[in-house]
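Enquirer: Before we start, here is the structure in question, set down as structure tokens.
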Amino acid sequence: MASQICPQCKADSFYWKLDEDESPLIIWDCGHCQYRAFENESDEQNCSKCGKKSESKLKDQEKEYWWCSNCNETELIKTTGNNVYN
């Protein structure tokens with residue numbers, strides 16, 4: 012599995028995993044800064060910047076945002092407080 016650019020620290024160390032014991036969602040972890048976000052795979056759309064269908068909705072403990080795995084752009088949707096998907 013290829014690494015992606017972490018939306019938090021910008022290091023090329025962002026990986027996804029599935030662990031149904033931990034969450035029914037896709038878990039994204041950064042090996043560099045330990046950032047973690049969750050993705051509901053059904054929330055995917057074309058990126059408004061590059062046009063590719065590679066934009067996913069990620070949610071962490073502070074915010075919900077669109078993240079493009081192709082061009083690494085992010086767009087804030089809303090702040091969430093401490094309400095993560097699980």
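Counting from 12, one number per residue, gives the positions in the sequence shown under our numbering. By construction, the Cβ of each residue, glycine as well, lies at the ideal position given by its N, Cα and C atoms. As the structure is a computational prediction, the values presented were derived from the model and not from experiment.
(1) What did DSSP end up calling Asn97 once you bin it into helix, strand or coil?
(2) Give the DSSP-derived three-state secondary structure of Asp32 in the structure shown.
(3) Suppose you measure from the CA of Glu84 to the CA of Lys74; what does that come to, to the nearest Å?
(4) May I have the straight-line CA-CA distance separating Lys70 from Cys20, to the nearest angstrom?
(5) Measure the CB-CB distance between Ser65 and Ser53 and report whether it falls below 9 Å.
(6) Cβ atoms of Cys82 and Lys60: under 9 Å apart, would you say?
(7) Would you kindly check if the distance between the Cβ of Trp27 and the Cβ of Glu102 is under 9 Å?
Expert: Answer, in terms of the structure:
(1) Reliability of the predicted coordinates at Asn97 is poor, the pLDDT of 47 falling under 50, and no value is obtained from them.
(2) Asp32: coil per DSSP, three-state reduction.
(3) Cα to Cα, Glu84 sits roughly 15 Å from Lys74.
(4) Approximately 16 Å, taken between the alpha carbons.
(5) In this structure, Ser65 lies away from Ser53, with their beta-carbon atoms at least 9 Å apart.
(6) For Lys60 and Cys82, yes; Cβs fall inside 9 Å.
(7) This structure cannot speak to residue 102, because the chain is shown only from 12 to 97.
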